[in-house]
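The next block holds one structure in the form of structure tokens; read it before the comments.
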Amino acid sequence: MLMNLFKFKGGVKPPTNKTQSVTLPIAQAPLPSRLVVPLHQSIGGMPQPTVQAGDKVLKGQLIGEADGWISAAVHAPTSGTVLEVAMHVQPHPSGLDALCVVIEPDGKDEWIAHAPLDYAAMPPEAVREHLQQSGVVGLGGAVFPTHGKLTASKTVPMEELVINGAECEPFITCDDLLMRERAEEVVRGIGVFRDLLQPKKVLIGIEDNKPEAAAAMRLAVQTLGETFEVVQVPTLYPAGGAKQLIRVLTGKEVPASKRSTDLGVQCFNVATAYTAWRAIAHGEPVVSRLVTLSGNVHAPRNYEVLIGTPMGELLKLAQPHPDTDGIIMGGPMMGFLVPDANVPVVKATNCLIAHSERLFPPKAPEMPCIRCGSCAQACPHELQPFEMYWFSRAKNFGKTQEYNIFDCIECGCCSFVCPSRIPLVQYFRFAKSEIWAREREKNASDQAKARFEFKQLREEREKADKAEKLAKAAAAQAAKKAAEAAAAAAATTETNGLSADAPPAASEPAPASTVDAAKAAKMATIEAAMARAKAQREAVQPKNTENLTPEQQKAAADIEARRIAAHLTEPEPVAPASEKPE
Amino acid sequence: MFAPAPFLLKDVSVSQVMIQVCVALIPGIAAYASLVGPAILVQLVIATLAALLAEAIMLKVRGKPLALFLTDGSAIVTAWLIALTFPPLAPWWLVVTGTVFAVVVAKHLYGGLGQNPFNPAMVAFAVCIVAFPALMSQWPSVGLQLGLIDQMNIILGWAPRVDTLTGATPLDAMKTALKLGEGSFDVTTLLANQDIYGNFAGRGWEWVAAGYLLGGLWLWHRKLITWHVPLAFVASLSLISGALWLYNPGQFASPLFHLLSGGAMLGAFFIATDPVSGCTTPRGKLIFGAGAGLLAYIIRVFGGYPDGVAFAVLLMNLSAPLIDLLTQPPIFGMKDKA
């Protein structure tokens, strides 16, 4: 079947280094001594742990519940005991910790009860729900929850479903081996995606340096009687980038500001299709994946590895050379050195490369940019990296956005070709993170401002309400008083003629409102309290003169008399006049 | 600890780029040396030494790593372009002055490698032709067969600069003749009668131009330059000279004459293509090359200087940032909007 392929601009051709790890079939990695399963293994919410230390778990048992729509469940990779639910260092360049469930395997690898699903009878919604509950996420490395991508746009008809088997990064061969050995299950998984999305065409893109994989996939498509097209695309990094593959197969270009479904395309990795099929046909959640072990090792090979396996332990299977000084997770173009050999394999771990200076010589010192434009020619998104570099360096982030920095997919082509050895991608990551940080700060301050303004508004409204109430009460009171006064006046007029002696005092208390009465009551209480305090003080004062013998009293009186005579003291008033009642 | 991704890097460096530019100049230099004698090689050595010395001093003053930047090759490229654009029998101090000015002022005072807004070699040429017009227009007479020793004596100032040894360049001679004659001479008779002219341009200079062309095509083949600037330069120079030549062949020389004379080929492939001071967007490069070709012709034919390539390139350097800004190509996925 001949089809017209499109080209994407740019791209580079690094040495592929793939032949080393494809000589042997996929092997099963042995059970590790313990498994550290991070709960956050997909883009989106942070799954909540459903187990605690001491719990016994079975293989495939739910240990982390999906947190919201964009999130996927996490499962125990084998049977055993939960040692702890604690923070552990993550396979991320930051070296930050995240919540993990640590499991000590019991060696039995005992499954939970699981059975095939009657997929044909299930409504699409239930299939998506099942995939979410099975922890199916994009295994190409982006780990976006798969169910989230399985709803077609309502406005744009779904034209093409693109299946990504390109695998353009050097060294990585896990998708290649998966397609060679398990093509049928991959194709069946693609069938599930096809049924949910109803595209007009299904295109499976495989780089032309993997003829065996393409042949196996073609055979499987034929055997299963599907109409999928297996297309061999030119080997050019980054042909396996979703947007590049979509461009090559459909001619459509998806800018950063749009989703591919807006253009009627959706793209999944072959390994994702495989796990989706396992989840449906066997009821198996994602507890393992294929990982390529390569680089500075004696025995490069692909392994089926349980999620949570410590990387250092896993890499030993490939017998790393003694000068290995680090582990790269992912490929040499976009991967990163893991912060610690104990970090676990996660759903995004497609490849571990033993790093050594022999294999990846230290970079030559950075030189100034000579604007040679190689980066712009290599950029698959047709950006001007040297301009973005210049403005990133100058911290002029507004300008970097004008030069579309957010369209950068960080593929590393620009850094790869730069004769001045400038780590361009690092500058762009820096600029992007600065822009995000500022955006967050701005949002936070905007929110704080909004909160403050709302609080002020509320307080003002409450004040106004209170004032209104008081005014109403006062008005009511005034009306009442007026009525009383009128009544009193009427009464006085009535009694006036009868008794001239009657003092007008009767009408005197009338002006005292209830407020005044309250005030008076308050004043009285205060006065009473003060009086009590005074009495107490006086009662306490003459402490040492109580219980004196008559002799002692006489002596004291004598002393006092002498002191008065000598004018040493003022005569103590016997009874202060002021306190004497009149 | 370790450098971040990508861990694999292409085997290229600034030094390799610069060295390849020097290699591409070799066919032109060979033709040049066979035409005017080994003096040009002496000038190349003098300019190179002066450039490296000036570079070293400036790096030291600016506190930059000496070994890293001295080996980047950029100073050598500048030196070679100066040596090739200056008269081959120019006194040594003139070449040194130009080179030092280029490295110290045009390059390092603007921030060093990658920061210079103007092509340093062309700055040197412009400064020297303004400051020393007489010395800068003394080119060896055609058929002057002097040995290395005699040429060196002239360059080093140990022998008198005899007027008969030097003459005007073909471009200069034609311009002067046409101006003086004011219609009594015509291009065809000039080309036929004066022995400084060959079949197409100055006698023997066609071969030098062809050498530069060959080197330039090799640079393009090596993807160190793109086709935009040279093609636009050659096209605009050909169009304007062709149009005027068709209008009045007696007054205006043919496009071939202009392409093969003076600094046209060197300018098109080696000077206007300088990435640092030139344009970087594809459309910008076309505008830059076309503008340089047009200005070079206008200055040559209507301006005060015999050759206009240097000034044309400097003028275009001046407008390069604006051209780049206005010619940003649409990016992936945004083509319908642009």
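Listed in order, the protein sequences are those of chains W and A. According to the working numbering, the residues represented by the first sequence are 815 to 1396, in order. According to the working numbering, the residues represented by the second sequence are 499 to 836, in order. Even glycine gets a Cβ: it sits at the ideal position worked out from N, Cα and C.
Applying the 10 Å Cβ sphere with the 16-neighbour rule, what's the burial state of residue i?
i, result
"residue 1214/W", "buried"
"residue 893/W", "buried"
"residue 1254/W", "exposed"
"residue 827/W", "exposed"
"residue 745/A", "exposed"
"residue 719/A", "exposed"
"residue 1166/W", "buried"
"residue 1313/W", "Interpretation of residue 1313/W is limited by its pLDDT of 49, a score under 50 that renders its predicted location unreliable; the figure taken from the coordinates is listed afterwards. The residue in question, residue 1313/W, is exposed, as its Cβ has fewer than 16 Cβ neighbours within 10 Å."
"residue 814/A", "buried"
"residue 1257/W", "exposed"
"residue 1333/W", "exposed"
"residue 970/W", "exposed"
"residue 1272/W", "exposed"
"residue 1260/W", "exposed"
"residue 991/W", "buried"
Mind pulling the chain W residues with CB within less than 8 Å of residue i?
i, result
"residue 515/A", "1184, 1186, 1233"
"residue 532/A", "Near residue 532/A there are no residues of chain W at all, since even the closest Cβ is about 32 Å away, more than 8 Å."
"residue 826/A", "1198, 1217"
"residue 774/A", "1184, 1185"
"residue 569/A", "By Cβ distance, chain W contributes nothing, its closest Cβ being about 10 Å from residue 569/A, past 8 Å."
"residue 550/A", "Within 8 Å Cβ-Cβ: nothing; residue 550/A doesn't reach chain W, min ~17 Å."
"residue 613/A", "1182"
Return the residue from the list the options that minimises the CA-CA distance to residue i.
i, options, result
"residue 736/A", "531/A, 723/A, 720/A, 766/A", "766/A"
"residue 986/W", "1013/W, 1074/W, 834/W, 871/W", "834/W"
"residue 786/W", "1032/W, 995/W, 1008/W", "Here chain W comprises residues numbered 815 to 1396, so residue 786/W is not present and cannot be evaluated."
"residue 1413/W", "876/W, 936/W, 1160/W", "As shown, chain W starts at 815 and ends at 1396. That puts residue 1413/W outside it, with no answer to give."
"residue 988/W", "1381/W, 910/W, 1276/W, 1114/W", "1114/W"
"residue 705/A", "586/A, 533/A, 550/A", "533/A"
"residue 1066/W", "1304/W, 961/W, 974/W", "974/W"
"residue 941/W", "1088/W, 1202/W, 1266/W, 1010/W", "1010/W"
"residue 996/W", "1086/W, 1205/W, 1123/W, 1052/W", "1086/W"
"residue 1089/W", "1006/W, 1032/W, 1371/W, 1368/W", "1006/W"
"residue 722/A", "513/A, 507/A, 502/A", "513/A"
"residue 508/A", "1297/W, 1174/W, 1262/W", "1174/W"
"residue 526/A", "579/A, 515/A, 750/A", "579/A"
"residue 1014/W", "1042/W, 1027/W, 1022/W", "1042/W"
In chain A, which residues lie with their C-beta within 7 Å of the C-beta of residue i?
i, result
"residue 1195/W", "829, 830"
"residue 1218/W", "829"
"residue 1142/W", "505"
"residue 1147/W", "503, 504, 506"
"residue 1178/W", "511"
Please list, in chain order, the chain W residues whose beta carbon lies closer than 7 Å to that of residue i.
i, result
"residue 759/A", "Under the 7 Å cutoff, chain W gives no residues; its nearest Cβ is about 30 Å from residue 759/A."
"residue 714/A", "The contacting residues do not exist; residue 714/A stays about 16 Å from chain W at best."
"residue 610/A", "1182"
Show which residues of chain A have a CB atom less than 8 Å away from the CB atom of residue i.
i, result
"residue 1239/W", "502, 503, 504"
"residue 1170/W", "Simply none; closest approach about 11 Å."
Just to make sure I have the definition right: I need the residues of chain W whose C-beta is within less than 9 Å of the C-beta of residue i. Which are they?
i, result
"residue 512/A", "1181, 1182, 1184, 1186, 1233, 1234, 1235"
"residue 778/A", "1185, 1186, 1187, 1190, 1198, 1200, 1201"
Which residues of chain A have a Cβ atom closer than 9 Å to the Cβ of residue i, listed in chain order?
i, result
"residue 1053/W", "Simply none; closest approach about 14 Å."
Does any heavy atom of the ligand ATP sit closer than 7 Å to the C-beta of residue i?
i, result
"residue 1302/W", "Although the ligand ATP was asked about, the structure shown includes no ligands whatsoever."
Validate contact between the segment 795–812 of chain A and the segment 617–629 of chain A using beta carbons, cut 8 Å, 3 pairs: yes
Length-filtered (4 minimum) alpha helix (DSSP H) runs lying within the segment 1257–1294 of chain W: none
Inter-stretch contact (C-beta, 8 Å, three-pair minimum) for the segment 854–864 of chain W and the segment 874–891 of chain W: yes
Three CB pairs or more closer than 8 Å across the segment 1202–1214 of chain W and the segment 539–550 of chain A: no
Entirely enclosed beta strand (DSSP E) segments - the segment 958–982 of chain W, minimum 3 residues: 974–978
Three CB pairs or more closer than 8 Å across the segment 1118–1133 of chain W and the segment 1066–1081 of chain W: no
Ordered list of alpha helix (DSSP H) runs contained in the segment 540–575 of chain A, each at least 4 residues: 564–568
Every unbroken beta strand (DSSP E) within the segment 878–966 of chain W, with a cutoff of 3 residues, ordered by chain: 894–903, 911–919
Three or more C-beta pairs below 8 Å linking the segment 1196–1209 of chain W and the segment 1218–1227 of chain W: yes
Three-pair Cβ contact test at 8 Å for the segment 834–854 of chain W versus the segment 1055–1066 of chain W: no
3 or more residues per run - each beta strand (DSSP E) lying fully within the segment 1165–1212 of chain W: 1165–1169
The segment 898–914 of chain W touching the segment 1151–1170 of chain W, judged by at least three CB pairs closer than 8 Å: yes
Three CB pairs or more closer than 8 Å across the segment 1178–1189 of chain W and the segment 602–615 of chain A: yes
Length-filtered (3 minimum) beta strand (DSSP E) runs lying within the segment 1056–1093 of chain W: 1079–1083
Alpha helix (DSSP H) runs contained entirely in the segment 503–539 of chain A, provided each spans 4 or more residues: 512–534
Contact the segment 1031–1045 of chain W vs the segment 789–801 of chain A: 3+ CB pairs below 8 Å: no
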